[in-house]
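Structure, as structure tokens:
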Amino acid sequence: MPFKKSKSKEGIEHQFWYYPEHPERLEPTSRYSEEILDFLAEEIGIPYPWGTYSQVMVQDFLYGAMENTSATVFGDFFWIDDRAYLLNRNYVSVNAHEATHQWFGDLITGRKDNEQWLQESFATFYPGLVEGKLFSEDHMAWYFRNNMNGAIAAGRENSLPVRHSQSGSSRHYPKGASVLYMLQHQVGRENFRRAITALFQ
Ligand SMILES: [Zn+2]
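Per this note's numbering, residue 341 is the first one in the sequence shown, and the count goes up by one each step.
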């Protein structure tokens, strides 16, 4: 399996492993990978914590993708060409989600089931900021609106809090991300960023 080797601005070596067939799909599939790592390091205020970052696609993957420390595995249904990229069947948001886990999930991590939000809420929150940076503020607003609607729908089922082992993925992902977005709005982006950086220190 060949791989594309690149460096983020921060100097982190990035490997993107791909199928040799359809090499024209490499660029649209891996688009913004380096920018995402650089953005997260700056926004979280903590340099990327590991020596390298690798991404590899696999067949019949059970989920969209899964982070491991310094390496992400993702489903080859994201192996897309330029046209599919424009149809929004692209890897950007999932790529940002898994990259966020390098900090939230791998550098710091929950100890019990009811701490799952610590990984997933942050990993759902930061892709919204990434989309705001790469595309537009409007894009970011739609991203968080969709998350909020998912959280409201889950609230019709039961009222379990985010920090509950049985609250389910609609709480750990979109609800937690919506709460973080609200907190960021309340305290201001700069204060929020400073508080997040302090979490790691
Ligand atoms: Zn995740």
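Each residue gets a CB set at the ideal place from its N, CA and C atoms; glycine is no exception. What you are looking at is a predicted structure, and each value in this text was computed from that prediction instead of being measured.
Could you spell out the range, first to last residue, of the alpha helix (DSSP H) harbouring residue i?
{"i": "K452", "result": "It is not in any alpha helix (DSSP H) - K452 carries neither H nor E in the DSSP assignment."}
{"i": "H479", "result": "477-495"}
{"i": "S346", "result": "No alpha helix (DSSP H) contains S346, which is instead part of the beta strand (DSSP E) from 343-347."}
{"i": "L380", "result": "373-384"}
{"i": "G516", "result": "516-527"}
{"i": "D400", "result": "That residue, D400, is in no alpha helix (DSSP H); it is neither H nor E in DSSP."}
{"i": "Y425", "result": "422-426"}
{"i": "V434", "result": "432-441"}
{"i": "E367", "result": "366-370"}
If I follow the unbroken beta strand (DSSP E) through residue i, where does it start and stop?
{"i": "E353", "result": "353-357"}
For residue i, which beta-bridge partners are listed by DSSP?
{"i": "T412", "result": "Q395, E407"}
{"i": "F417", "result": "Paired residues: none, contrary to the question."}
{"i": "F444", "result": "I448"}
Just to check my reading of the structure: residue i and residue j have Cβ atoms closer than 8 Å, yes? What is that Cβ distance to the nearest angstrom?
{"i": "P467", "j": "T440", "result": "7 Å"}
{"i": "Q442", "j": "P360", "result": "Incorrect: roughly 27 Å between the Cβ atoms, too far for contact."}
{"i": "D421", "j": "E364", "result": "6 Å"}
{"i": "K515", "j": "A491", "result": "4 Å"}
{"i": "F540", "j": "L447", "result": "7 Å"}
{"i": "S410", "j": "G391", "result": "7 Å"}
Using DSSP with H/G/I as helix, E/B as strand and the rest coil, what is residue i?
{"i": "F540", "result": "coil"}
Does any residue of chain D bring its CB to less than 8 Å from the CB of residue i?
{"i": "S348", "result": "The structure shown has no chain D; it contains just one protein chain."}
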